[in-house]
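Following this note's numbering, the numbering of the sequence shown begins with 626 at its first residue and continues without gaps.
Glycine included, each C-beta is placed from N, C-alpha and C at the ideal position.
Note sheet for the following structure.
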Amino acid sequence: MSLLGLFKGSGATGFGYNSSAEEVTEGVDLSGKTYLLTGCSSGLGTETLRVLSLRGAHLLAAARNMEKAEQAIADIGANATPIACDLSDPASVQGAIDAVKATGRPLDGIICNAGVMAIASAQRFHGIEAQLFCNHIGHFILVSGLLGSLAPQGRVVMVSSGAHNMAPAGGIDFDDLAAEKRYSPWGRYGQSKLANLLFARELGRRFEGTKKTANALHPGVIHTNLGRHMSPATRAAMALVGPLFVKTIPQGAATTCYLAAHPDGAGYNGEYFADCNPAKSSPVGRDMTLATRLWEESQRIVAGLS
Ligand SMILES: NC(=O)c1ccc[n+]([C@@H]2O[C@H](COP(=O)([O-])OP(=O)(O)OC[C@H]3O[C@@H](n4cnc5c(N)ncnc54)[C@H](OP(=O)(O)O)[C@@H]3O)[C@@H](O)[C@H]2O)c1
Numbered sequence: 626m627s628l629l630g631l632f633k634g635s636g637a638t639g640f641g642y643n644s645s646a647e648e649v650t651e652g653v654d655l656s657g658k659t660y661l662l663t664g665c666s667s668g669l670g671t672e673t674l675r676v677l678s679l680r681g682a683h684l685l686a687a688a689r690n691m692e693k694a695e696q697a698i699a700d701i702g703a704n705a706t707p708i709a710c711d712l713s714d715p716a717s718v719q720g721a722i723d724a725v726k727a728t729g730r731p732l733d734g735i736i737c738n739a740g741v742m743a744i745a746s747a748q749r750f751h752g753i754e755a756q757l758f759c760n761h762i763g764h765f766i767l768v769s770g771l772l773g774s775l776a777p778q779g780r781v782v783m784v785s786s787g788a789h790n791m792a793p794a795g796g797i798d799f800d801d802l803a804a805e806k807r808y809s810p811w812g813r814y815g816q817s818k819l820a821n822l823l824f825a826r827e828l829g830r831r832f833e834g835t836k837k838t839a840n841a842l843h844p845g846v847i848h849t850n851l852g853r854h855m856s857p858a859t860r861a862a863m864a865l866v867g868p869l870f871v872k873t874i875p876q877g878a879a880t881t882c883y884l885a886a887h888p889d890g891a892g893y894n895g896e897y898f899a900d901c902n903p904a905k906s907s908p909v910g911r912d913m914t915l916a917t918r919l920w921e922e923s924q925r926i927v928a929g930l931s
């Protein structure tokens, strides 16, 4: 347990900072349920795959390519179908949509977990800054393409981050989506994670009057492969102070599993969670005008891809 964990109790849901993915799904029978999960090949995604499968769900386990998806499933012995989905490649995402539809399974949940963080210098996919494209636009295409496959009580879970607070002033830099005028690795990561949060807010609004839900979450700070783009100095500093506040991977996957699978998770829509409980986001993370604008701008970007 991290030092911070010693001071953390449970919240209103009965779970908290120290809860693990297995604990929040204890006694939950997911037999007959199907979840699509992105980023199953590493870190929090692999633990989410393992625990939802352990509880009886069938996973449509998406990774950057088929080999990675197959390997993740084999490593765990998960009850899952591998899906290739490179979020930076719209054709690959469309292939994933087609593959999911071809299974004929209604989706009880879509878990948008894959992500890339703090790329050192500006990169672009299809003219859009790489983190915004991979973390947000790729997921926007995927979820939009599968809304018709979502079960009547289906849940969309967006793995955002507390780093959404690092987004630029105003939230989304609509005037420079390609990051040609300015670039900061963390600012652009923060923007992409704010986009995940705003997407959940807007989708949740669109789900009002149905039993479908969309929520976003901060999983905590966890040692995974996410830090691959960080400088050696930042990685060394993290290793030094990590024991103070870093969660374990089972703890890191808990909020995702709570929102995706716990029966009480159905009672939340358009929310932001941290430590398995509702949490307060930044002011721009609650700005529904911005959320709607981002949705419309994302539609425009996607329309321009074809
Ligand atoms: N760890 C933390 O402290 C932390 C904190 C806040 C939020 N998060 C969020 O939690 C989520 C999971 O992160 P993690 O910590 O588990 O990191 P991770 O170990 O690096 O896993 C990220 C996953 O996303 C996949 N991915 C990256 N780019 C992709 C692309 N273009 N197409 C398809 N898949 C892609 C990776 O596949 P490859 O291995 O093939 O690249 C990997 O499977 C991310 O959304 C992250 O932003 C993590």
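Query                                                                                                                                                : Result
Mapping the DSSP letters down to three states, classify Y883 as helix, strand or coil.                                                               : helix
Taking Cβ positions, are K837 and P888 nearer each other than 9 Å?                                                                                   : no
In angstroms with no decimal places, state the Cα-to-Cα distance between G636 and G752.                                                              : 43 Å
Out of curiosity, what's the CA-to-CA distance linking G634 and K872?                                                                                : 14 Å
What residues match up with F750 in a beta bridge as DSSP calls it?                                                                                  : I753
What residues are listed by DSSP as bridge partners for V784?                                                                                        : L842
So the candidates are F832, H854, P844; which of them puts its Cα closest to the Cα of G895?                                                         : F832
Entirely within the segment 768 to 823 and at least 3 residues each: give me those beta strand (DSSP E) ranges in chain order.                       : 775 to 784
May I have the straight-line CA-CA distance separating A646 from G702, to the nearest angstrom?                                                      : 17 Å
What does DSSP give as the partner residue(s) for S635 in the beta ladder?                                                                           : G641
Cβ of R853 within 8 Å of any heavy atom in ligand 1?                                                                                                 : yes
Looking only at its own chain, which residues have a Cβ that is under 8 Å from the Cβ of L819, when we skip the five neighbours before and after it? : S785, H789, A792, G796, I797, S907, V909, G910
What do you get for N760, buried or exposed, if any count of 16 or more other CB atoms within 10 angstroms of its CB means buried?                   : buried
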